[in-house]
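My numbering applies: residue 32 is where the sequence shown begins, and numbers increase by one. Ideal placement from N, C-alpha and C gives every residue a C-beta, glycine not left out.
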Amino acid sequence: MFFKSLAFLLAAGLIISLSACAEKNDVMKRVKDRGQIVVGTSADYPPYEFHKSINGVDTIVGFDIDIAREIAKDLGVELKIIDMDFGGLLAALNANTVDFVIAGMTPDEERKKAVDFSIIYYEAEQAVLIRAEDKNNIKTLADLKGKRVGAQQGSIQEEIAKEQISGANVLSLAKVPDLILELKTKKVDALVMERPVAKNYVKTNPELFITDIKVEDDEGGSAVAVKKNNPELVKAINKTLDRLMKDGKIDEFFAKAVELSEE
Ligand code: ARG
Numbered sequence: 032m033f034f035k036s037l038a039f040l041l042a043a044g045l046i047i048s049l050s051a052c053a054e055k056n057d058v059m060k061r062v063k064d065r066g067q068i069v070v071g072t073s074a075d076y077p078p079y080e081f082h083k084s085i086n087g088v089d090t091i092v093g094f095d096i097d098i099a100r101e102i103a104k105d106l107g108v109e110l111k112i113i114d115m116d117f118g119g120l121l122a123a124l125n126a127n128t129v130d131f132v133i134a135g136m137t138p139d140e141e142r143k144k145a146v147d148f149s150i151i152y153y154e155a156e157q158a159v160l161i162r163a164e165d166k167n168n169i170k171t172l173a174d175l176k177g178k179r180v181g182a183q184q185g186s187i188q189e190e191i192a193k194e195q196i197s198g199a200n201v202l203s204l205a206k207v208p209d210l211i212l213e214l215k216t217k218k219v220d221a222l223v224m225e226r227p228v229a230k231n232y233v234k235t236n237p238e239l240f241i242t243d244i245k246v247e248d249d250e251g252g253s254a255v256a257v258k259k260n261n262p263e264l265v266k267a268i269n270k271t272l273d274r275l276m277k278d279g280k281i282d283e284f285f286a287k288a289v290e291l292s293e294e
């Protein structure tokens with residue numbers, strides 16, 4: 032009798048701890064229970080996500096943020112935004128600090144081993160940004176040989192700079208505005224970043240210039256990252272993205288974000 036109940040208790044304990052474990056990975060359940068979804072982003076990438084003072088209050092805005100709000104709305108929960116370094120986003124996702132990541136993130140093969148991705152919601156090419164005064168000296172990839180090229184830490188641009196610009200000296204920093212400063216103060220000679228972002232920085236920094244240099248980027252787009260084994264959440268996010276794309280909302284959010292960043 033004693034042993035039977037002991038075995039029963041052990042089995043029950045095992046089941047409870049197993050389901051606690053499964054629950055820990057069930058992001059959708061956690062989100063619904065909390066009534067809130069937490070998004071991780073790196074708000075240094077206008078027009079995707081950036082800081083803007085609105086009525087004197089520092090606010091994170093951008094078309095990614097508008098998309099995140101729609102995702103939360105469709106799930107019927109509130110949105111909380113956590114801003115961090117781009118290079119730390121996927122670790123934060125897997126540590127359950129955030130429930131999903133939206134940060135103009137490219138769903139590349141390496142990342143797909145660690146997390147799952149939604150469909151691609153926005154496509155963009157890469158651009159090489161330089162000082163306008165160098166526009167006659169830096170016109171091709173070969174002109175970057177021996178030059179210092181900056182890219183964001185942990186981004187695909189860091190890899191592109193290392194692999195596709197032969198003989199370049201690559202500097203990686205955590206934050207894009209710091210890279211812009213390095214370029215303006217001649218600590219680096221070029222930066223690699225998504226073209227819409229480069230365009231945005233040129234608008235606010237007319238001493239900078241976008242070259243015609245082309246680099247390869249097979250994945251070429253942004254997707255939302257979710258912790259592995261959460262098919263229900265990925266499905267819900269894809270549904271929202273599909274709706275936004277069909278209704279032309281993403282282009283609308285994009286245009287609004289460009290305008291906001293230029294004001
Ligand atoms: N698309 C690039 C990547 O996935 C860069 C994204 C940078 N995003 C940002 N919010 N700083 O690596």
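Express the C-alpha separation of R61 and N20 in angstroms, rounding to a whole number. Residue 20 cannot be examined here, being either before or after the span of the chain that is shown, 32 to 294.
Could you have a look at C168 and say whether DSSP puts it in helix, strand or coil? Reading the sequence shown from its first residue, position 137 is the one you call residue 168. First, the amino acid is wrong: residue 168 is Asn here, not Cys. Three-state DSSP puts N168 in coil, outside helix and strand.
Chain-order list of residues whose beta-carbon lies under 7 Å from that of Q188 (same chain, five-residue window excluded): For the purposes of this step, residue 188 is identified with residue 157 of the sequence shown, where counting begins at 1. Once the five neighbours on either side are set aside, the close Cβ partners of Q188 are Q157, A182, V223 and M224.
How about Y76: is its Cβ closer than 6 Å to a heavy atom in ligand 1? For the purposes of this step, residue 76 is taken as the residue at position 45 of the sequence shown. Correct: Y76 has its Cβ closer than 6 Å to ligand 1.
I'd like to know whether the C-beta atoms of G71 and A126 end up nearer to each other than 7 Å. Sequence index remark: in the sequence shown, residue 71 carries index 40 (1-based). Sequence index remark: in the sequence shown, residue 126 carries index 95 (1-based). The Cβ atoms of G71 and A126 lie no closer than 7 Å to each other.
Since K215 contacts G198 with CB under 8 Å, what's their CB separation in whole angstroms? The residue labelled residue 215 in the question sits at position 184 within the sequence shown. The residue labelled residue 198 in the question sits at position 167 within the sequence shown. Between G198 and K215 the Cβ distance is about 23 Å, and since that is not below 8 Å, they are no contact.
Measuring only the C-alpha atoms, how far is L264 from V58? Along the sequence shown, one-based indexing puts residue 264 at 233. Along the sequence shown, one-based indexing puts residue 58 at 27. Roughly 7 Å separates the two Cα atoms.
In terms of residues, what are the limits of the alpha helix (DSSP H) holding N260? Sequence index remark: in the sequence shown, residue 260 carries index 229 (1-based). That residue, N260, is in no alpha helix (DSSP H); it is neither H nor E in DSSP.
Would you tell me roughly how many angstroms separate the C-alpha atoms of D95 and V159, rounded to the nearest one? To locate residue 95, count along the sequence shown from 1; it is residue 64. To locate residue 159, count along the sequence shown from 1; it is residue 128. Cα to Cα, D95 sits roughly 23 Å from V159.
In its own chain, which residues sit with a C-beta less than 8 Å from the C-beta of V129, not counting the 5 before and 5 after it? For the purposes of this step, residue 129 is taken as the residue at position 98 of the sequence shown. Here the set comprises V69, V70, G71, I113, L120 and A123.
Can you find the residues in the same chain that come closer than 8 Å, C-beta to C-beta, to A267, ignoring five residues on each side of it along the sequence? Counting from 1 along the sequence shown, the entry for residue 267 is found at position 236. Here the set comprises M59, I102, D105 and L106.
How should C52 be labelled, buried or exposed, when 16 other C-beta atoms within 10 angstroms of its C-beta is the threshold for buried? Translated into the one-based positions of the sequence shown, residue 52 becomes position 21. At C52 the pLDDT is 47, less than 50, meaning the model places this residue with poor confidence; the figure from the coordinates comes in the next sentence. Label assigned to C52: exposed.
Taking the runs of the beta strand (DSSP E) that are 3 residues or longer, which of them lie wholly in the segment 61 to 91? Listed in chain order, they are 67 to 72 and 80 to 85.
Inter-residue spacing [alpha-carbon to alpha-carbon] between C250 and I91: Numbered from 1 along the sequence shown, position 219 holds the residue referred to as residue 250. Numbered from 1 along the sequence shown, position 60 holds the residue referred to as residue 91. This sequence places Glu at residue 250; Cys is not what is there. Cα-Cα distance, rounded: 27 Å.
May I ask which residues mark the beginning and end of the alpha helix (DSSP H) holding N231? Counting from one through the sequence shown, the residue named residue 231 turns up at place 200. That run of the alpha helix (DSSP H) goes R226 to T235.
Does D114 come out as helix, strand or coil in the three-state DSSP assignment? Your numbering for residue 114 matches position 83 in the sequence shown. If DSSP states are grouped into helix, strand and coil, D114 belongs with the strands.
Here's the rule I'm using: 16 or more other beta-carbon atoms within 10 Å means buried, otherwise exposed. How should D174 be labelled? Within the sequence shown, residue 174 is the residue found at index 143, counting from 1. The residue is buried, with at least 16 neighbouring Cβ atoms inside 10 Å.
Following the continuous alpha helix (DSSP H) through V246, name the residue where it begins and the one where it ends. By 1-based counting over the sequence shown, the position of residue 246 is 215. Membership of V246 in any alpha helix (DSSP H) is not indicated, and neither H nor E is assigned to it by DSSP.
From D147 to A256, what distance separates their C-alpha atoms? By 1-based counting over the sequence shown, the position of residue 147 is 116. By 1-based counting over the sequence shown, the position of residue 256 is 225. So the two alpha carbons sit approximately 6 Å from each other.
Compare the Cα-Cα distances from V228 to each of D273, V201, E154 and K218 and report the closest residue. Along the sequence shown, read from residue 1 onward, the residue named residue 228 stands at position 197. The residue with the shortest Cα to Cα distance from V228 is E154.
Cα-Cα separation between D273 and A99, rounded to whole angstroms: Counted from its first residue, the sequence shown places residue 273 at position 242. Counted from its first residue, the sequence shown places residue 99 at position 68. In a straight line, the C-alpha of D273 is about 13 Å away from that of A99.
Here's the rule I'm using: 16 or more other beta-carbon atoms within 10 Å means buried, otherwise exposed. How should S149 be labelled? Here residue 149 refers to the residue found at position 118 when the sequence shown is read from its first residue. S149 comes out buried.
Kindly indicate the opening and closing residues of the alpha helix (DSSP H) around A123. For the purposes of this step, residue 123 is taken as residue 92 along the sequence shown, with counting starting at 1. Unbroken alpha helix (DSSP H) run through A123: L120 to N125.
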